[in-house]
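**Q** Going letter by letter, the sequence shown gives residues 200 to 656 in the numbering used here.
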Amino acid sequence: KMIEDRLQCHVNDTDKELNTRKIKIIEKTEQTFHVAIIDATNQGHRILTEYRDKFTTIEKFRVFLQRINEALHSVDAVIKQKEFAHYVGAFNLQSIATDLVQEMFEEYQNLAKPKEQRLVLPEMEATITPPHHLAQVGTERKHLKLAFYFPLDSDHSWINSFVLTANDKCLLSVRKSREETNFDSLVLYHYKGNGKVTFEEYDVVPGKYLLSRFSSGEIVASYSHYSNSVKNCGNKVLYFNGDFSMTGYVSFDEIATFNLPPYGIATTKENNIILCVRADDISPHKAYECKGLYQVMSMSLRGKILHSSLKLPDANLIRPDYVAVSDSGEICIADNENGSIVILNANLTIKERINYELPTSMADVQAFKFRPHGICYDTYGRIIVTDPDNNSVVRLVRTPGSQKYILEPLLSQNADCTFNGPKLVAMDNESRLWVVCTDGVFVFDYCLCVEDLSSLS
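#1: Do you know offhand how far Pro608's Cα is from Pro621's?
#2: Does the stretch 342–355 come into contact with the stretch 379–398, if we say contact requires no fewer than three beta-carbon pairs (one atom in each stretch) closer than 8 Å?
#3: Leaving out the 5 sequence neighbours to the left and right, which residues in its chain are closer than 6 Å to Thr364 when beta-carbon positions are compared?
#4: For the candidate residues Tyr422, Arg340, Glu269, Leu500, whose alpha-carbon lies nearest to that of Phe413?
#5: Quick one: Cα of Arg570 to Cα of Gly463, how far?
#6: Could you check the C-alpha separation between Leu547 and Leu474 for me, to the nearest Å?
#7: Tell me the residue span of the beta strand (DSSP E) that contains Ile549.
#8: Beta carbon of Asn628, beta carbon of Asn366: below 8 Å?
#9: Run through DSSP, which three-state label would Glu208 get?
#10: Taking 8 Å as the threshold (C-beta atoms), are Ala533 and His572 in contact?
#11: If you check the beta carbons only, do Arg400 and Val419 fall under 8 Å apart?
#12: Which residues mark the beginning and the end of the beta strand (DSSP E) in which Lys375 is found?
#13: Do you know offhand how far Thr231's Cα is from Val362's?
#14: Going by CA-CA distance only, name the one from Asp442, Val592, Tyr604, Phe263 that's closest to His342.
#15: Comparing C-alpha positions only, which one of Gly528, Phe382, Val642, Ile504 sits nearest to Lys468?
#16: Suppose you measure from the CA of Trp357 to the CA of Pro405; what does that come to, to the nearest Å?
#17: Which of the three DSSP states, helix, strand or coil, is assigned to Gly392?
#18: Cα separation between Glu322 and Asp238?
#19: In whole angstroms, give me the CA-to-CA distance for Cys531 and Ala455.
#20: Distance check for His424 and Lys435, CA to CA, integer angstroms please.
#21: CA-CA distance, Ile644 and Leu632?
#22: Please check the pair Ser372 and Leu409, which I expect to be a contact at CB under 8 Å, by giving their CB distance rounded to whole angstroms.
#23: Tell me the rounded alpha-carbon separation between Ala625 and Ala465.
#24: Consult DSSP for Arg261 and reduce its assignment to one of helix, strand or coil.
#25: Do you know offhand how far Asn440's Cα is from Leu610's?
#26: Can you list, in chain order, the residues of its chain with a C-beta nearer than 8 Å to that of Asp586? Leave out the 5 residues immediately preceding and following it.
#27: Kindly indicate the opening and closing residues of the beta strand (DSSP E) around His572.
#28: Which same chain residues end up closer than 7 Å to Val449 when comparing Cβ atoms and leaving out the 5 residues on each side of it in sequence?
#29: Here's the rule: buried if 16 or more other CB atoms are within 10 angstroms of the residue's CB, otherwise exposed. What is His233?
#30: With burial defined as no fewer than 16 other Cβ atoms inside 10 Å of the residue's Cβ, what is the status of Arg205: buried or exposed?
#31: Identify which residue in Tyr493, Ser444, Asn470, Thr446 has its Cα closest to the Cα of Pro460.
Structural data, given as structure tokens:
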């Protein structure tokens, strides 16, 4: 009887303790989600306030244009009553004013265009498992967490380009340190967990390869050769079906040829190619105007040019090695030599040239503190770019008030993260950020997916 009473007492105490813990977990969960809701609500209020302020400004602008237009009509009526000399002078002024009104009206239309706003939820505490409907939204980490790292072979000293072929595999275009030919090799690295990695080299026609990959697995490359000793190779855009089953060899098919080396390349969801080429390669008779600068084109897999930025204003580029395309079709280009990032619409019109002056010739190249290199879009459609000279990776975000882009530090060399010379970046299908550095590849957990959140209890 005594033992039974003790067991019953122990069961009761255990039950009370479990209930107390459950209550604490529920209270902590409620507090955490209350904070998240308040944060999201405040973000929503800020967005709404910005839209209201913008609407008020646009409405004032519209009334202003209407009054100017009415004033011009009044001037026109007065002109008809004046002498001929007065009429000519007033007509010239009216013509100038009319052009000004048209420019202002176009600016008004630009202001009236809606701009996408996104809510970003804060990282949840690791002791709490949020409900399923919130987990599907996904949350962003305050600080990136290193998922894994693997070193590069000492022969692979210079990485020109890379693409992810799986969530644990990447294909690198490298220049071998032991070879004096300066030609690229393609190397497929496979991370197998617990610090283990294997790689396989593939023979290709000697030359420089910049790579991009379609979601279906096919790979395209902008190809150029370094030396005149390589005969009949030319400068091309190449296609590979993505099948690496043939050990040690990759065979590319030709899509298009150019007289001069093509540079940055990217692929779109529509299975088209975005390519940076010399402007005088697009239109040789304009070579004297372009002075060796680069432009952007889109082409089909058959090599048909769909769009070109040649005739568009403010489209000059100096060294556009790396290009990325967002899910919405927006294009961003890292113009390394000019120290700028250029953002374009899908039709190749310039949306924004961030921070820096428009180049007019190669002679305008100067030393810039920020020299963008590898570039990609993150899970939320924001631009991530490497800055090897400063051993850092930055993210482009818009300020809440002015909506201007600013550089937000994301990764830098410190005691916790000793990467050296971050060159290239990419996001995989598990929302992890791959950073290719001089000596190895770092892979970071960028944001928490459903599975991650469910396992935090």
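By construction, the Cβ of each residue, glycine as well, lies at the ideal position given by its N, Cα and C atoms.
Quick caveat: nothing in here was measured; it's all calculated off a predicted structure.
**A** Straight from the coordinates:
#1: Straight-line Cα distance between these residues: approximately 13 Å.
#2: The answer is yes - the stretch 379–398 touches the stretch 342–355, with three or more Cβ pairs under 8 Å.
#3: Excluding positions up to five away in sequence, the list reads Leu370.
#4: Taking only the C-alpha atoms, the option nearest Phe413 is Leu500.
#5: Distance between the alpha carbons of Arg570 and Gly463 is about 16 Å.
#6: When rounded, the distance between both Cα atoms is 11 Å.
#7: Its beta strand (DSSP E) spans residues 549–553.
#8: Cβ atoms of Asn628 and Asn366: closer than 8 Å.
#9: According to the sequence provided, residue 208 is Cys. The question's Glu does not apply to it. Cys208 carries a helical assignment under DSSP once its states are collapsed to helix, strand and coil.
#10: Cβ atoms of His572 and Ala533: closer than 8 Å.
#11: Residue identity differs from the one stated: residue 400 is Glu in this sequence, not Arg. No.
#12: Note, Lys375: beta strand (DSSP E), 368–375.
#13: Looking at the backbone, the Cα of Thr231 and that of Val362 are separated by about 38 Å.
#14: With respect to the C-alpha of His342, the residue from Asp442, Val592, Tyr604, Phe263 having the closest C-alpha is Val592.
#15: Checking every option, the nearest Cα to that of Lys468 belongs to Gly528.
#16: So the two alpha carbons sit approximately 15 Å from each other.
#17: In this structure, DSSP gives Gly392 an extended state, which the three-state scheme calls strand.
#18: Interpretation of Glu322 is limited by its pLDDT of 49, a score under 50 that renders its predicted location unreliable; no figure is taken from the coordinates.
#19: Going by the C-alpha atoms only, they are around 23 Å apart.
#20: Distance from the CA of Lys435 to the CA of His424, rounded to the nearest whole angstrom, comes to 10 Å.
#21: Per the sequence shown, residue 644 should be read as Asp rather than Ile. Distance between the alpha carbons of Asp644 and Leu632: 6 Å.
#22: So it is a contact: roughly 7 Å between Cβ atoms.
#23: Here the C-alpha atom of Ala625 lies approximately 12 Å from the C-alpha atom of Ala465.
#24: Arg261: helix per DSSP, three-state reduction.
#25: Spanning the two alpha carbons is a distance of roughly 34 Å.
#26: Around Asp586, the same chain offers Phe569, Arg570, Pro571, His572, Val592, Val593, Pro621 as residues with beta carbons nearer than 8 Å, after the five sequence neighbours per side are excluded.
#27: Note, His572: premise wrong, no beta strand (DSSP E); not H, not E.
#28: Result list for Val449: Leu385, Tyr401, Val403, Phe439, in chain order.
#29: Exposed.
#30: With fewer than 16 other Cβ atoms within 10 Å, it is exposed.
#31: Nearest in C-alpha terms to Pro460, of all of Tyr493, Ser444, Asn470, Thr446, is Tyr493.
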